[in-house]
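In the order they appear, the protein sequences are chains C and W.
Residue numbering for the first sequence is 1 to 489, as defined by the working numbering.
Residue numbering for the second sequence is 1 to 270, as defined by the working numbering.
Ideal Cβ positions, reconstructed from N, Cα and C, are used throughout, including at glycine.
Everything numeric in this text was worked out from a predicted model, so none of it was measured.
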Amino acid sequence: MIPTAAGKHLPAGAALHAKAPVPPPRSLPPLRPRRTSPASRTSDVLHMSSSFSILPACLDSRIWRVAAASLLCALFLAPRAAQGQVDFRGYVEEAIGVRVGVKDDVIYHRQTLNTKFSGELRDDIKWWVSTDTWHDSPDFLPDDEFRFRVREAYAKMEFDAFDLRVGRVQIAWGEADGAIISDQISPFDFTNFIIPPFDAIRLGVDGVFLDYYFDNGDDLQVLWISHFQEPDFPDTRSPWAFIDFDEFAQAGISLASSEKPADTLKNSEGGIRYSGHPLWADWSIGYFHSWDDRPAPRILAGALTPTYEQFELFSANIAYPVKDYLIRMDSAYELGRFLSTDPVRAFETAADGFVSRHDVWKTMLAVDLKPDFEWWHQADATIQYVREQVVDPRPGLNQAVTTNLFSVLLRAAYLNETVKPWVFWIWDARGSNSWMQLKVDYEPIDQWRFSLEYDRFTGHTFDLDTNSGGLFGSFADNDMMQATLRRSF
Amino acid sequence: MKPYRTLQMLLASSLAGVVCVFAAANSGFAEELSGLEIQTRADEVSRADTEHQIMKMILENSRGQQRIRTIEAWSKERSRDEEHRFSRFLEPSDVKDTTLLTYDYDDKDDDIWLYLPALKKVKRILSSNKDDYFMGSDFTYEDMENRDLKNWTYTLIGSETVDGVDCYVVEGVPANEKEAEESGYSKVTTWVGKKDFVDRRVDYTDKKNRLSKRLLLSEIRVIGDSGKPRPHRLLMENFITKHKTILEIRDIQLNIEVPDKVFTQRNLKQ
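In structure tokens form, the structure reads like this:
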């Protein structure tokens with residue numbers, strides 16, 4: 001039988017972005033584009049082998065130009081930072097993760113340098129540059145990798161009633177914590193699944209961003225993104241890859257380069273959001289015309305060919321306190337997404353590469369509370385429910401038509417906030433699909449943080465026959481222990 | 001649940017949910033001032049229409065290791081029952097530019113918004129529990145609330161000097177079951193300066209009847225033209241954990257012009 005795009009690791013059932021609360025949306029084959037044409041790659045991540053063998057080929061790419069400009073900026077700014085004209089900070093981090101149980105390899109090993117430069121050209125013009133440079137050497141990579149990324153680089157002009165940002169900016173919409181419901185403006189780096197916190201994996205988008213503030217405190221955000229910025233997906237060899245590529249290879253299906261939209265004005269993205277902040281609640285409604293970060297997993301001429309398609313996102317959010325609780329709702333209607341279908345059960349979709357166009361409705365409901373227990377210091381708890389519904393589904397979809405996820409997040413702080421435990425657990429109502437994360441941060445002195453984390457996945461890959469399993473279950477072999485040491489400066 | 005407080009109010013209120021009402025004043029002091037009169041005057045001294053200050057918070061463990069947070073804060077009193085506050089962390093670097101906007105009400109829970117630069121968004125958050133500690137310090141949110149005239153009973157128990165200053169010694173206990181349940185203390189004893197009505201020392205007794213914490217306030221100076229005295233150094237010592245918190249106040253300004261736009265969500269993201 002021909003494997004579908006919902007192969008072993010395709011998180012078809014968990015088409016939600018659940019993370020520490022909820023993971024990336026999945027009905028797509030989050031494939032990493034082949035590197036046969038580096039100059040056309042869309043990722044802004046500079047991906048170099050340790051031997052720098054592809055360096056010359058990449059020099060013409062836009063990414064390299066951005067990187068070079070940023071490096072020059074950094075060199076220019078460093079002396080000024082030393083003189084106090086520029087604020088300079090960041091961190092260095094060493095992290096290692098080892099799979100436990102089924103496997104015992106090093107699944108994650110990274111050294112990171114994060115820098116943030118900021119300053120003012122005038123009282124009303126500010127600028128900000130943030131970069132990441134890191135070195136990866138997990139067991140699944142044959143060679144070490146060095147990477148550089150400009151996370152943000154923008155100028156901000158402040159006027160009486162509005163702010164204007166031009167450049168690379170990270171945008172976060174919505175009220176969901178860790179769940180990607182409305183938060184689909186900035187793409188994410190999924191190379192290590194969503195194990196890192198969202199603030200570490202949210203990427204920047206290039207464009208112009210206007211924030212207009214009304215006298216009553218409401219605000220209107222209008223954004224124009226000059227070109228599509230795809231997420232950073234796991235390497236095909238990574239245990240976090242969402243598709244079992246070997247399975248496709250055994251079926252004689254090759255992996256083709258992703259078809260990324262050209263950088264033309266016509267292909268740019270735009271959005272608008274209105275937010276109100278009366279005392280009783282914070283709310284917003286938004287619209288975003290965009291390219292879907294989740295490429296349609298088309299099978300064309302015997303090759304799995306991820307193709308990016310346009311879609312529209314309508315969002316609505318609210319957060320309101322009720323006595324000792326904070327109620328949060330985040331809802332997104334995704335208009336015109338392309339979902340994978342089973343080649344046998346939906347053969348009529350063959351003409352379009354075994355994908356089918358549908359609307360998807362996602363909703364999150366969360367309750368935040370602060371339990372008052374003597375033994376549970378500085379307690380914080382969040383209970384979250386996320387529902388994803390394919391509207392008017394056709395038979396043979398390679399994902400669950402309805403997915404219901406429940407999550408619980410418990411946090412505390414002990415010893416004057418030097419010890420911070422964290423328990424997160426998310427599970428799928430359909431069964432055989434859950435993720436539990438136990439973590440403790442230890443910060444005995446300023447600027448230093450040591451973290452120890454255990455991640456456990458249970459279940460199996462989504463099974464169309466039994467309508468069970470999902471994204472987390474597909475990573476059942478990836479139970480891991482991770483240790484991280486960070487020094488901020 | 002009591003309102004969330006920044007450390008700014010810690011000064012503004014001359015400290016602590018320690019309410020010094022001499023409701024049933026000892027007869028030996030009755031001819032001087034009643035508890036309510038003392039409390040009222042202390043409350044008046046502690047209030048200002050607006051405030052701006054920079055605070056250095058030093059957290060020191062039993063081995064002498066220190067962690068330092070610096071906070072810049074603004075506040076504006078909208079009415080006797082409502083105050084707006086804005087706080088921005090200046091250090092350490094990993095929390096720099098984290099900002100907090102609080103609309104503090106006497107008669108209901110506060111409205112609080114937090115901006116975390118790393119997350120790139122403003123979040124509405126819940127008020128903390130009264131007995132939660134503020135940012136790893138030895139101050140609980142209860143310690144930083146305004147004086148509570150309604151829910152505590154105060155008794156003048158004597159007169160002592162603190163650093164050479166003659167003080168009233170006032171003992172406060174929760175006046176009702178609800179307050180007794182919510183508060184982290186069974187008793188709070190306060191030493192209040194007889195001349196300036198500024199707290200000099202506060203002893204906190206926990207629910208297990210242990211003297212759990214002691215606050216010493218010093219370097220009391222009058223601020224500019226306001227005529228209002230303020231402590232510039234506060235030392236909170238936790239006898240249970242052997243941990244200390246030192247607050248050093250810099251650049252304090254009272255009754256200055258603070259625009260309303262300081263207390264907006266737009267300013268949170270600046």
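- A distance below 7 Å between beta-carbons, with the five flanking residues on each side excluded, links glycine 227(W) to no residue of its chain.
- By the 16-neighbour rule on beta-carbons within 10 angstroms, glycine 184(W) is buried.
- DSSP, read as helix, strand or coil, puts valine 95(W) in helix.
- Between threonine 191(C) and aspartate 232(C) a beta carbon distance of about 5 Å is seen, short of the 8 Å cut, so the two are scored as contacting.
- The Cβ-Cβ distance between phenylalanine 475(C) and phenylalanine 457(C) falls below 8 Å.
- Annotated three-state conformation of glutamate 182(W) is helix, per DSSP.
- Going by C-alpha positions, tryptophan 113(W) is about 10 Å away from histidine 277(C).
- Taking a C-beta cut-off of 7 Å against chain W, the contacting residues of the segment 272 to 284 of chain C are His277, Leu279 and Asp282, listed in chain order.
- In this chain, asparagine 61(W) is not harboured by any alpha helix (DSSP H), its DSSP state being neither H nor E.
- Within the same chain, Gly276 and Ile318 come within 6 Å of tryptophan 283(C) by CB-CB distance, once the 5 residues on both sides are set aside.
- Proline 297(C) is bridged by DSSP to Pro306(C).
- In this structure, threonine 466(C) sits away from asparagine 398(C), with a CB-CB distance that is not shorter than 8 Å.
- The beta carbon of methionine 144(W) sits no closer than 8 Å to any beta carbon of chain C.
- The alpha-carbon separation between glycine 270(C) and glycine 207(C) amounts to approximately 9 Å.
- At a cut-off of 8 Å, the C-beta of phenylalanine 209(C) has no neighbouring C-beta in chain W.
- Shown here, glycine 470(C) sits in coil according to DSSP, grouped into three states, outside any helix or strand.
- Residues Tyr105, Asp106 and Asp107 of the same chain have their beta carbon placed closer than 7 Å to that of aspartate 81(W), with the five preceding and five following residues left out of the count.
- A contact is defined here as three or more CB-CB pairs under 8 Å, and the segment 162 to 177 of chain C meets this definition with respect to the segment 321 to 330 of chain C.
- When 9 Å is used as the limit between beta carbons, proline 259(W) is near no residue of chain C, the shortest such separation being about 12 Å.
- If you draw a 10 Å sphere on the C-beta of leucine 409(C), you find 16 or more other C-beta atoms in it, and that means buried.
- For the segment 241 to 258 of chain W, the residues whose beta carbon sits under 9 Å from a beta carbon of chain C are, in order, Thr241, His243 and Thr245.
- With contacts defined by Cβ atoms closer than 8 Å, arginine 298(C) and leucine 141(C) do not form a contacting pair.
- Counting every other CB atom within 10 Å of its CB across the protein chains shown gives tryptophan 280(C) a total below 16, marking it as exposed.
- At a cut-off of 8 Å between beta-carbon atoms, tyrosine 442(C) makes no contact with chain W.
- Counted as a single uninterrupted DSSP element, the alpha helix (DSSP H) harbouring aspartate 43(W) occupies residues 35 to 46.
- By a beta-carbon distance limit of 8 Å, leucine 268(W) contacts leucine 101(W). Their separation comes to about 5 Å.
- With respect to the C-alpha of aspartate 219(C), the residue from Arg273(C), Asn114(C), Asp189(C) and Leu405(C) having the closest C-alpha is Arg273(C).
- Taking valine 222(C) as reference, the option from Tyr442(C), Val129(C), Asp163(C) and Phe347(C) with the minimal CA-CA separation is Asp163(C).
- Of the residues assessed, alanine 483(C) falls on the exposed side of the cut-off, its CB having fewer than 16 other CB atoms within 10 angstroms.
- For asparagine 151(W), same chain residues with a beta-carbon under 7 Å away, outside a window of 5 residues either side, are Pro174, Ala175, Asn176 and Glu179 in chain order.
- Judged by DSSP secondary structure, glutamine 184(C) falls outside any beta strand (DSSP E); it is assigned neither H nor E.
- Counting of Cβ neighbours within 10 angstroms places glutamate 334(C) among the buried residues, the total reaching 16 or more.
- DSSP places alanine 161(C) in the coil class of the three-state scheme, outside both helix and strand.
- Counting along the chain, the unbroken beta strand (DSSP E) around glutamate 269(C) starts and ends at 269 to 276.
- Proximity of glutamine 265(W) to chain C, defined by a Cβ-Cβ separation below 8 Å, is satisfied.
- DSSP places glutamine 389(C) in the uninterrupted beta strand (DSSP E) bounded by 380 to 391.
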